[in-house]
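For what it's worth, the working numbering labels the leading residue of the sequence shown as -15, then goes sequentially. In this text, a Cβ means the ideal position worked out from N, Cα and C, and glycines have one as well. Accompanying notes for the structure given below.
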Amino acid sequence: MKPGEVVARHLDALGSAQARNSVKSRVVQGFATYRILAGGSGAIDGKSVVASEGRKSNYLFKINTNGYRGEQFICDGDKVSIAATYSDKSRSEFGDFILGQDIMLREPLFAGVWTTGWPLLDLDGHRAQLHYEGYKKVDGRDLIVLRFRPKRSTDLNILLYFDPQTYRHVMTTYRVTQQTGLGSGELDTAHRTPTRYDIEECFSDFQTTDGLTLPFRYDLRFTEELETGFTKSVEWVVKASSITNNLTIDARSFQVQ
-15 MKPGEVVARH
-5 LDALGSAQAR
5 NSVKSRVVQG
15 FATYRILAGG
25 SGAIDGKSVV
35 ASEGRKSNYL
45 FKINTNGYRG
55 EQFICDGDKV
65 SIAATYSDKS
75 RSEFGDFILG
85 QDIMLREPLF
95 AGVWTTGWPL
105 LDLDGHRAQL
115 HYEGYKKVDG
125 RDLIVLRFRP
135 KRSTDLNILL
145 YFDPQTYRHV
155 MTTYRVTQQT
165 GLGSGELDTA
175 HRTPTRYDIE
185 ECFSDFQTTD
195 GLTLPFRYDL
205 RFTEELETGF
215 TKSVEWVVKA
225 SSITNNLTID
235 ARSFQVQ
């Protein structure tokens, strides 16, 4: 299949052109559960709000703990701001990675069709390229895979996954491998393990609201594998309680600090 055919069917699955074009802003509110999968343990419940207007977006994943308060990512359509969320006013490993790889917010790819700036709605305007990668089996089911190349160069490997029956966007993966510095000698350098970062977004529980079929469950996982062998993996599971289109959103919500 050609990428354009996949995108056309995906947009039809999302909703009619009239329904898609009528949405100028969107707010998705829900309940979130934060889990540490590797490099620690524990789970705690919180809340999530994803607000967007055009290409502007504000993502809030909030929990109440003494040391870590969650994440907040803001993009004004061009610049990005990542909140400090630890008690010492530092960012998490996840937040630092997003800041260094902010293309996923500036496009914005992050949170998929939840945002009004989802680039497949206006691929020409984003001047991005898509490459058809065929089918890939994920958790026992075959999915159509498109490689996304933004107009601005990035070392991220970005893959979009679609259900071949419905053409709904069900997953995005972002992966990058960073080589470490030189060791004390050739042998030491050869044995150094590169640092790997992996973000996986999964979308499910699709429901129709205002003529648009959107996911009501969003699973977000971040994994960091360091050269030391230490691995940290965390997950946010978000279940939307409401998806509201065309709300008036305070412009300050998208101000980058």
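Environment of residue i [buried if 16+ CB atoms lie within 10 Å]
i	result
TYR181	buried
ASP72	exposed
ASP86	buried
PRO(-13)	buried
GLY213	exposed
THR251	Since the first residue shown for the chain is -15 and the last is 241, residue 251 is missing from the structure and cannot be characterised.
GLU(-11)	exposed
ALA95	buried
MET88	buried
PRO103	buried
GLY26	exposed
VAL12	buried
GLY51	exposed
VAL240	exposed
GLY124	exposed
GLY109	exposed
Counterpart residues of residue i in DSSP-defined beta bridges
i	result
TYR18	ILE28 and TRP220
PRO199	PHE190
THR207	ASP182 and SER217
THR161	ARG180
HIS153	PHE146
ASN230	ASN230 pairs with nothing; no bridge assigned.
ASP126	LYS121
ARG10	SER36 and ASN229
GLN56	LEU44
PHE238	Its beta-bridge partners do not exist; DSSP assigns none.
ASN141	ARG159
Contact set for residue i: own chain, Cβ-Cβ below 7 Å, skip 5 residues either direction
i	result
ASN230	VAL7, LYS8 and SER9
SER237	ALA35 and ASN42
ALA1	none
THR161	PRO178 and ARG180
ARG136	ILE87
Residues near residue i by beta carbon distance below 8 Å, same chain, minus five either side
i	result
ARG75	ILE66, ALA67, ALA68, THR69 and LEU83
GLY79	GLU55, PHE57, ILE66, ALA67, ALA68 and THR69
GLY101	SER36, GLY38, ARG39, LYS40, SER41, GLY61, GLU91 and PRO92
THR215	ALA22, GLY23, THR207, GLU208 and GLU209
THR99	ARG10, VAL34, SER36, SER41 and PRO92
ARG4	LEU(-5), LEU(-2), LEU105 and LEU196
GLU77	PHE206, GLU208 and LYS216
Cβ-based neighbour list, residue i, same chain, cut-off 6 Å, excluding 5 preceding and 5 following
i	result
PHE45	ALA16, SER32, GLY54, GLU55 and TRP220
ALA(-3)	THR150, TYR151 and ARG152
VAL154	TYR145, ASP147 and PHE187
GLN113	ARG133
ASP194	ASN229
LEU(-5)	none
VAL64	ASP86 and LEU89
ARG19	ALA27 and GLU219
GLY14	SER32, VAL222, LYS223, ALA224 and SER225
PHE81	TYR181
ASP203	CYS186 and VAL221
Any C-beta of chain B under 8 Å from that of residue i
i	result
GLY109	Protein chain content of the structure displayed is limited to a single chain, and chain B is not contained in it.
Distance cut-off 7 Å: residue i Cβ against heavy atoms of the ligand GTP
i	result
ALA35	By its list of ligands, the structure shown contains no ligand whatsoever, and the ligand GTP lies outside what it can speak to.
Q: Please go through the region 63 to 91 and give each complete alpha helix (DSSP H) segment of 4 or more residues, from N-terminal end onward.
A: 77 to 84 and 87 to 90
Q) For the 8 Å Cβ check, are there 3 or more pairs between the region 197 to 204 and the region 214 to 228? A) yes
Q) Does the region 119 to 133 come close enough to the region 144 to 154 that 3 or more CB-CB pairs lie under 8 Å? A) yes
Q) Would the region 44 to 60 and the region 114 to 122 be scored as touching if the rule is three or more Cβ pairs under 8 Å? A) no
Q) For the region 92 to 123, which segments carrying the alpha helix (DSSP H) assignment without a break, of at least 4 residues, lie completely within its bounds, in sequence order? A) 107 to 110
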